[in-house]
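Q: Provided herewith is a single structure, encoded as structure tokens, for subsequent inquiry.
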Amino acid sequence: MKKPVILTGLRSNNDLHIGNYLGALMPLINMQVQHAKDYDIHLFVPDLHSFTTPIDHSKLYEQTINNLRIYAAAGLDLDSPNTHIYRQSYVSAHSELTVILNCFSHMGELSRMTQYKEKAENKPNISVGLFDYPILMASDILLYDAQYVPVGADQSQHIELARDIAIRMNNKFGDLFTLPEPEAKQAEFMSQTERMRIRDLITPEKKMSKSDETGKGVIFLTDTPEAAAKKIMGATTDSFGEVHYDKKERPGISNLLDILAALTDTDIKEIVSRYAGQTQYGELKKDVAEAVSSFLTDFQFKLSQIDDAVIIKKLEASEIQMNKVANSKLLSVQKALGLRL
Ligand code: ATP
Ligand code: MG
């Protein structure tokens with residue numbers, strides 16, 4: 000029997016940050032620990048999606064390998080035969096299915112994507128690639144019949160879109176694709192009530208993003224512990240002067256609490272109670288800065304121990320295997336559409 004598939008991807012356009020780590024990497028690794036035998040786990044690099052926003056192409060190849068080192072340092076078990084690590088551009092079926100799905104997707108539904116609106120805002124020349132990437136993402140998911148897609152809150156709209164496209168195709172052509180689970184079930188599967196969304200430290204109204212132009216409000220996993228601590232101390236808060244968790248009214252403080260809770264595996268309520276009666280945020284900031292810098296010290300040590308040869312070997316083996324799986328799904332789609340007998 001085919002095992003259910005869990006799939007996630009992290010763009011290799013820049014170093015990863017603590018939001019990627021907490022929102023995407025950790026849920027996946029926890030799942031690997033829990034479910035290694037019962038699921039097929041796909042962790043791929045959407046390298047074709049790296050340049051939907053401008054990047055330095057001379058660094059792209061190395062950046063991809065860098066991110067894979069990060070997966071390994073975060074604790075992903077590369078020896079597990081049920082875990083697959085591959086680059087999107089090395090499995091050409093992703094591109095081909097995208098061209099096909101484009102014809103069964105609507106301009107209207109893509110225009111409504113929040114990520115697109117945010118990334119396109121105030122940009123003079125918006126690429127078709129940026130507009131279309133949710134379809135590439137749908138291909139990434141549907142090619143492997145992925146049921147669970149652990150991602151941060153920013154991507155859940157795209158997973159709903161993939162589901163809608165799959166339903167549309169199945170209605171027209173028969174059972175082609177397994178549906179990715181709806182949002183509520185995805186979060187439940189990740190033992191979360193809602194998906195993690197770490198915010199930018201300077202502008203907490205928006206999420207932390209690795210393509211952020213200044214990177215000043217972003218804690219990269221490659222930041223020195225001292226630089227990261229400084230960023231936390233400089234985080235935007237508010238003038239209430241009382242530690243209180245309220246994402247809407249107090250996004251800055253709530254974000255710091257989220258980071259501290261996640262890094263120290265402590266309940267938010269318990270953390271808030273420690274600062275009862277305080278009228279300033281200095282103490283909380285110091286604690287978050289300490290937690291972040293000790294996390295980075297530990298993480299960066301692990302990163303320095305990673306052997307590239309192990310990563311390359313795993314990549315090559317997974318890419319051979321995934322080409323077989325993806326090409327077989329693509330062939331069934333081609334047959335259903337009348338492209339093949
Ligand atoms: P970019 O600015 O290049 O889009 P990003 O930081 O949004 O970068 P992605 O590569 O788009 O990162 O997303 C990788 C994974 O990390 C996705 O699963 C996404 O949901 C998750 N993620 C991204 N940003 C955050 C965040 N701030 N908090 C929690 N999860 C996040
Ligand atoms: Mg993103």
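For the sequence shown, position 332 (counting from the first letter as 1) is numbered 331 according to numbering that gives the first Met the number 0, and the numbering increases by one without interruption. Ideal Cβ positions, reconstructed from N, Cα and C, are used throughout, including at glycine.
So, under 8 Å CB-CB, Thr51 and Ser126 are touching, yes? Tell me the CB distance rounded to an integer number of Å.
A: Contact holds; Cβ gap of about 6 Å.
Q: Are the beta-carbon atoms of Ile84 and Val32 separated by less than 9 Å?
A: No, these two residues do not count as a Cβ contact at 9 Å.
Q: Just to confirm, does Asp55 get its C-beta within under 8 Å of one of the non-hydrogen atoms of the ligand ATP?
A: No, Cβ of Asp55 sits at least 8 Å from all heavy atoms of the ligand ATP.
Q: Ends of the beta strand (DSSP E) at His83?
A: Run containing His83: 82 to 86, per the beta strand (DSSP E) assignment.
Q: What residues are listed by DSSP as bridge partners for Ala145?
A: Partner(s): Val4.
Q: Could you tell me how far apart the beta carbons of Thr63 and Asp46 are, in whole angstroms, since I believe they sit closer than 8 Å?
A: Confirmed, Cβ separation roughly 6 Å.
Q: Give the C-beta separation of Ala288 and Met207 to the nearest angstrom, bearing in mind that I take them to be a contact with Cβ-Cβ under 8 Å.
A: Ala288 to Met207, Cβ: 16 Å. No contact.
Q: So who's on the other strand from Ile40, going by DSSP bridges?
A: Answer is Ile5, Thr82.
Q: May I ask you to verify whether the region 274 to 281 touches the region 208 to 223, counting CB pairs closer than 8 Å and requiring at least 3?
A: They do not touch, by the three-pair rule.
Q: Going by CA-CA distance only, name the one from Lys247, Leu96, Val309 that's closest to Ser79.
A: The residue with the shortest Cα to Cα distance from Ser79 is Val309.
Q: Pull up the CB-CB distance for Pro179 and Arg162, whole angstroms please, since I reckon it's below 8 Å.
A: That pair is a contact at about 5 Å.
Q: My assumption, with CB atoms under 8 Å, is that Leu175 sits in contact with Val332. Please give the rounded CB distance.
A: Yes, they are in contact, since the Cβ atoms of Leu175 and Val332 sit about 6 Å apart, within 8 Å.
Q: Just the C-alpha distance for Gly22 and Lys334, rounded to the nearest angstrom, thanks.
A: Spanning the two alpha carbons is a distance of roughly 38 Å.
Q: If Thr263 and Ala226 are in contact, beta carbons under 8 Å, what's the gap, nearest whole angstrom?
A: So it is not a contact: roughly 21 Å between Cβ atoms.
Q: Report the residue from Asp222, Thr223, Ile270, Thr265 whose alpha carbon sits nearest the alpha carbon of His243.
A: Among Asp222, Thr223, Ile270, Thr265, the Cα nearest to that of His243 belongs to Ile270.
Q: Could you tell me if Met189 is buried or exposed, where buried requires 16 or more neighbouring beta carbons within 10 angstroms of its beta carbon?
A: It counts as buried.
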